[in-house]
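Chemist: Sharing a structure below in structure tokens format, with a few things to ask.
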Amino acid sequence: MRAARVFALQALTEWGCTDRHDDVRLCVSELATNALLHGVPPGREFRLTVVNDGSLVRIEVRDSGNELPEVAEGRVDDCRGRGLRLVTALADDFGVIAHNPGKTVWSAFKNTTRTEGMSCDGDI
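Numbering (my numbering), first residue to last: 1399 to 1522.
Quick look at the structure:
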């Protein structure tokens, strides 16, 4: 997960989008962890894309698993299942796009610095 966090934060820093670093870092970590635990068969990678369209920064994690994630309600004493709840609480928007095969899970953050549109992607 460290490589995914570093990749995303490096892109945001290069673009001058530094006001939501902590929120983005946590969401990248959660989405990437979910891809590894639930979406990527052993021996495969996932793709992390960071998009800045000027008004929004969007984090996208694509994997080859067909199971669509659900935001779990969870109990207070549960040890797992809180990741997507954190993502939906921190991000300004969240969603899933189904592909054949796989899916893209994304979260979006309002960009208060209003920079030009750019994107970076990489296999992690």
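We treat Cβ as the ideally placed atom computed from N, Cα and C, and that holds for glycine.
1) Mark Lys1501 as exposed unless 16 or more other C-beta atoms lie within 10 angstroms of its C-beta, in which case mark it buried.
2) In whole angstroms, give me the CA-to-CA distance for Gly1452 and Gln1408.
3) If distances are taken between C-alpha atoms only, which option among Glu1471, Ala1506, Leu1435 comes closest to Val1448?
4) Are there 16 or more other CB atoms within 10 angstroms of the CB of Gly1414, so buried, or fewer, so exposed?
5) For the structure I just gave you, are there three or more beta carbon pairs, one from the stretch 1457 to 1467 and one from the stretch 1439 to 1446, closer than 8 Å?
6) So, are the CB atoms of Asp1461 and Gly1437 less than 8 Å apart?
7) Per DSSP, which residues does Ala1496 bridge with? Please list them.
8) Smallest Cα separation from Glu1428: which of Asn1498, Thr1411, Thr1486, His1497?
9) The beta strand (DSSP E) spanning Leu1431 covers which residue range?
10) Under the assumption that Asn1464 contacts Pro1499 (Cβ atoms under 8 Å), give the Cβ distance between them as a whole number of angstroms.
11) Going by alpha carbons, who is nearest to Leu1488 out of Lys1508, Val1494, Ile1495?
Modeler: In short:
1) By the C-beta density criterion, Lys1501 is buried, having at least 16 other C-beta atoms within 10 angstroms.
2) Taking the Cα positions, Gly1452 is about 17 Å away from Gln1408.
3) Of Glu1471, Ala1506, Leu1435, the residue nearest in Cα terms is Ala1506.
4) Of the residues assessed, Gly1414 falls on the exposed side of the cut-off, its CB having fewer than 16 other CB atoms within 10 angstroms.
5) Yes: at least three Cβ pairs fall under 8 Å.
6) Yes.
7) As DSSP reads the structure, Ala1496 sits in a beta bridge with Lys1501.
8) Out of Asn1498, Thr1411, Thr1486, His1497, Thr1486 has the C-alpha closest to the C-alpha of Glu1428.
9) The amino acid at residue 1431 is misidentified as Leu; the sequence shows Thr. Boundaries for Thr1431: no beta strand (DSSP E) harbours it, while the alpha helix (DSSP H) harbouring it runs 1419 to 1432, taken from the DSSP string.
10) Indeed, because the Cβ distance is near 6 Å, the residues count as touching under 8 Å.
11) Answer by Cα proximity: Lys1508.
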